[in-house]
Amino acid sequence: MTVQAIRLFGDPVLRTPADAVVDFDKQLRKLVKDLIDTMLDEGGAGLAAPQLGVGLRVFAFDVDDVVGHLVNPVLEFPDEEEQDGQEGCLSIPGLYYDTVRRQNVIGKGFNEYGDPMQIVGTGLMSRCIQHETDHLDGVLFLDRLDADTRKQAMKDIRAAEWYNDGLQVKVSPHDSQGRFL
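Once you know that position 11 of the sequence shown is 11 in UniProt numbering, the rest is easy, because the numbers rise by one and skip nothing.
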């Protein structure tokens, strides 16, 4: 098992847009394994590479007993239908807020070997795909909240046991190109 430390709110890597994956190699497969192992260990529905300190466009998911990953995702929305429900984030542990997302999504990208793939998501899978793709763009679900809820979320974060004003940035075992150090 290759469980890694998850970056918490306040770490600049979470606000930095990730680079496209260009090398579909052994190091990328190691990163995908680390993402899946860490996500499963934490009990999350998804985990994006920036949450492990890696600035690459890849995420893992575990929704309704479907475990997988998507590299270089591009999202399409087949309709305008929305959903509103509780959303949380492993980088903002223990806090959940109603967040509006699209009900249906098609995520197109690649697997760890560079083969084209797509994920059609509805409900929770759709929410997960959108949430994790946001991470790859440097966007947190807090950014999707209405102003009053976001203000309350920030107050809750500052009061959280894990929050640290003197944030210490962790070093990832992967460099930004996905190579293992």
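All C-beta atoms in this analysis are idealised placements derived from N, C-alpha and C, irrespective of residue type, glycine included.
- With fewer than 16 other CB atoms across the displayed protein chains lying within 10 angstroms of its CB, V100 is exposed.
- D19 places its beta carbon less than 8 Å from that of R57.
- The Cβ atoms of E132 and F59 lie closer than 8 Å to each other.
- DSSP places V32 within a helical segment (H, G or I) once states are collapsed to three.
- In this structure, V21 is the residue among M39, R29, V21 and L31 with its C-alpha nearest to the C-alpha of V74.
- Selection V13, G68, P12 and F9 evaluated against M117 yields G68 as nearest (Cα-Cα).
- One thing to note: G109 has its Cβ no nearer than 8 Å to the Cβ of V63.
- If you compare the alpha carbons of L40, A45, D11 and G121 with that of E82, the shortest gap goes to G121.
- Residue environment for G53: buried (at least 16 other C-beta atoms within 10 angstroms of its C-beta).
- By the Cβ criterion, the segment 26-39 is not in contact with the segment 143-163, since fewer than three pairs of Cβ atoms, one from each stretch, lie closer than 8 Å.
- Annotated three-state conformation of R102 is strand, per DSSP.
- In this structure, the alpha-carbon of C128 lies about 24 Å from that of Y163.
- A direct Cα-to-Cα measurement between G43 and E80 gives close to 30 Å.
- R150 and G55 have their alpha carbons spaced roughly 25 Å apart.
- If you draw a straight line from the Cα of V66 to the Cα of A45, it is about 10 Å long.
- For T122, the enclosing beta strand (DSSP E) starts and ends at P116 to T122.
- Uninterrupted beta strand (DSSP E) stretches at least 3 residues long and entirely within the segment 22-83 occur at 46-48, 58-63 and 66-76, given in chain order.
- Straight across, the Cα-Cα distance linking K30 with D143 is about 30 Å.
- Residue pairing of G138 in beta bridges, as defined by DSSP: absent, with no partner found.
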